[in-house]
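Protein chains in written order, with my numbering: chain U, 897 to 1132; chain Z, -7 to 170; chain E, -7 to 170.
Idealized CB from N, CA, C, for every residue including glycine.
Predicted model, so just to flag it, every value in this text is computed and none were measured.
Here is the structure we will look at.
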Amino acid sequence: MTFTTKLEVFEGPLDLLLHLIKINEVDISDIPIATITDQYLEYLDLMKALDINVAGDFLLMASTLMHIKSKMLLPKQKDDFEEIEDPREEIVRSLMEYMRLKEAANELASRDILYRDVFKRGIEMDSPSGQEDINTAEVTLYELMNAFKMIIKKKYPDIVLRFKAESWSVKKKMVEIMKRLKGVKNLYLGDLFSTMGSVSEMIATFLALLELVRTGSINAFQDREGSDIRLEAINK
Amino acid sequence: MNTSLKLIVESLLFASSEPLTPRQIRDLLPGKDLKEIKHVLQELKNEYEKMDRSFLIREVAQGYQFRSLPLYGPYIANMPSSTPSRLSRAALETLAIIAYKQPIIRQEIERLRGVDVSSLVRMLLKKGLIRIVGRKSLPGRPIIYGTTGKFLEVFDLKDLSSLPTLKEIEELGYGEEG
Amino acid sequence: MNTSLKLIVESLLFASSEPLTPRQIRDLLPGKDLKEIKHVLQELKNEYEKMDRSFLIREVAQGYQFRSLPLYGPYIANMPSSTPSRLSRAALETLAIIAYKQPIIRQEIERLRGVDVSSLVRMLLKKGLIRIVGRKSLPGRPIIYGTTGKFLEVFDLKDLSSLPTLKEIEELGYGEEG
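Below, the structure is given as structure tokens:
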């Protein structure tokens, strides 16, 4: 259980992935995807078991990893002309980029920072941080995740959530959500899920929702803390 | 008469809480030309470097500013009115992306970091370290972000081109605390 | 070791905007005694008096403080104050309405805000953030307002089209920065 002490350290899925690669002492350009995916999912389960809310970004990465894993299992069909792309390539690229950016952050952190290492003349009191009197706040994926958990809990009190969405296409659900949003101004999260018959469909829908929020196709709002989340298409 | 100009410029730097550019100083001193002022600034900077005091003159944000030496930072940081603003690891990573990849939209930052950054971006805007540069002609007209003069001031940078270049990373050069 | 204490004390005086008393300094430096600190302060004061710079250390209000020499006062007084006054919430709202709905007449602003805005409009005019664009051919020939170049400058905008949408402003919790 080396993870438990490290729980809060991870800034996001890429951070967690880098950690796994490091502790497994594997080459970043040749990641044993099955092992890493299993450990990654184990970690998410652990977080859930500890009742720590898993942010949507972590789940999205989980589905990406599972997707890559399944692709790796397919027999390679050698095409004479086209080179087959390694399914891991995109994630390796992201990881490399992420490492560079961590390096950049280290560079910044190591400078003589004003008010940390060096000071200029005339230290003044910091101005009080601004009051945030906004009643409609954009919700984070984290909050969206929570809302989804509540919906599932209400509908299936006994179920243990496992975010595997193989039987339903997330893409198809993305199209469906956009279609439903087309005619109306708002769509409430509760309404979106109310018609669904199975947990796996709900999970696929939820993952689709995350993807849409991430890509900026829709916005999610919460009028009051704890109120139902309102979805809105971003007009193009 | 040159000695006097030097001390006039010094007094301006000493009184100002913001870095002063040669141009700003010139505007305060009618009849002096930019070249003269630049020369005097350089002279002052060199003088303080040799003087072995607890502060010197640094070039930041295209201007000149008196600054304490890092050696004395810990003592000053103890002063009750000083507010050492520490940026979290996450904030620093986000700021680094914006600094190195600007102009940049939020979606791109999120792609690189792999997590939602909207609240961090809001915080960095509030701290005046980044700013809205414009909008991209993409669906949704996303906001483009860039760093501010204050960013240069806080990170002891003369200008953006003096950001250290990033080493190419070939292997997991983790090491540093994550 | 005394040299080092001297420079530590100097760095504190350097950074502080208020005069520091020996007692205050002692509280910042555990393990040092008052006598030592008083001695060092006197030493510093004498040093700067001999140094022929544009500033020195003065004893004021029972404390010690770096001060520029009177000789340089007139130059420093010319510096624009570095703290631009902040706009109130009400002023910001009024300004936002003008920015987004310009050209606009006062009656229309009042309809949107639901209160009298004449004094706010006057203040914004005075600050150079808005300007009179013309007069409407309506009864009473009301004045039409619009924003100025200074408005763009203060809010760090390239042009009016890069104004964030109202929703974005709310998200950003803007308003503090100015």
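| Item | Value |
| --- | --- |
| Close beta carbons around K128 of chain E, own chain, < 6 Å, minus the five adjacent residues each side | I97, P134 and I136 |
| Reduced DSSP category for V125 of chain Z - H, G, I as helix; E, B as strand; rest coil | strand |
| Partners in chain U for F6 of chain E, counting only beta-carbon separations shorter than 8 Å | F1015 and R1017 |
| Segment contact, 8 Å Cβ cut-off, at least three pairs: the segment 946 to 966 of chain U with the segment 914 to 921 of chain U | no |
| Contacts of N70 of chain E in chain Z (Cβ-Cβ under 7 Å) | L20 |
| Distance between beta carbons of K142 of chain Z and L116 of chain Z, contact taken as under 8 Å | Contact flag wrong, Cβ pair sits at about 10 Å. |
| Whole-number beta carbon distance between S46 of chain Z and S60 of chain Z, since they are thought to touch under 8 Å | 6 Å |
| Proximal residues to L4 of chain Z (C-beta, below 8 Å), its chain only, five neighbours per side dropped | L12, I17 and L20 |
| Helix, strand or coil at G1079 of chain U [DSSP, three-state] | helix |
| Sub-7 Å separation of W1116 of chain U and K1069 of chain U beta-carbons | The question names Trp, yet the displayed sequence has Ala at residue 1116 of chain U. In this structure, K1069 of chain U does not lie closer than 7 Å to A1116 of chain U by Cβ. |
| The alpha helix (DSSP H) enclosing E1003 of chain U, as first and last residue numbers | E985 to A1005 |
| Alpha-carbon to alpha-carbon, A91 of chain Z and L910 of chain U | 20 Å |
| Rounded separation between G165 of chain Z and G1093 of chain U - CA only | Caution applies to G165 of chain Z, whose pLDDT of 43 falls short of 50 and renders its modelled position unreliable; the model cannot decide the point. |
| According to DSSP, residues forming a beta bridge with S60 of chain Z | Z:F47 |
| Buried versus exposed call for G908 of chain U [16 or more other C-beta atoms within 10 Å across all chains shown] | buried |
| Neighbour list for M957 of chain U in chain Z, Cβ cutoff strictly below 9 Å | G106 |
| Environment of A930 of chain U [buried if 16+ CB atoms lie within 10 Å] | exposed |
| Buried or exposed by the 16-neighbour rule on C-beta atoms within 10 Å, applied to Q57 of chain Z | buried |
| Residues from the segment 1086 to 1116 of chain U in contact with chain Z, defined by Cβ distance under 9 Å | V1109, R1110, T1111, G1112 and S1113 |
| Status (buried if at least 16 other CB within 10 Å, exposed otherwise) for I1114 of chain U | buried |
| Cβ-based burial, A7 of chain E [other Cβ within 10 Å; buried from 16] | buried |
| Residue of E:L87, E:L36, E:R15 and E:Q34 minimising C-alpha distance to L26 of chain E | E:R15 |
| Span of the beta strand (DSSP E) around F906 of chain U | Looking at the DSSP string, F906 of chain U is not in any beta strand (DSSP E), and its letter there is neither H nor E. |
| Residue range of the beta strand (DSSP E) that includes E1128 of chain U | I1125 to A1129 |
| Residues bridged to A1116 of chain U [DSSP beta-bridge criterion] | U:L1127 |
| Rounded C-alpha distance that separates K967 of chain U from P983 of chain U | 7 Å |
| Residue closest to R103 of chain Z, alpha-carbon to alpha-carbon, out of U:Y994, U:L1105, U:V1071 and U:L1103 | U:Y994 |
| C-beta atoms of T140 of chain E and V109 of chain E nearer than 7 Å | no |
| One or two residues paired with G132 of chain E in a DSSP bridge | Paired residue(s): none; G132 of chain E is not in a bridge. |
| CB contact below 7 Å: F143 of chain Z versus chain E | no |
| Short Cβ contact (7 Å threshold) for L33 of chain E with Y40 of chain E | no |
| CB-CB length for A1001 of chain U against A69 of chain Z, believed under 8 Å | Actually they do not touch by this definition, with Cβ atoms about 21 Å apart. |
| One or two residues paired with G55 of chain E in a DSSP bridge | E:V52 |
| Beta carbon proximity, K1129 of chain U to chain Z, threshold 7 Å | For clarity, residue 1129 of chain U is Ala in the given sequence; the question names Lys instead. It does not; no Cβ of chain Z falls within 7 Å. |
| CB of Q94 of chain Z within 7 Å of CB of G138 of chain Z, strictly | yes |
| For T140 of chain Z, the first and last residue of its enclosing alpha helix (DSSP H) | No alpha helix (DSSP H) contains T140 of chain Z, which DSSP labels as neither H nor E. |
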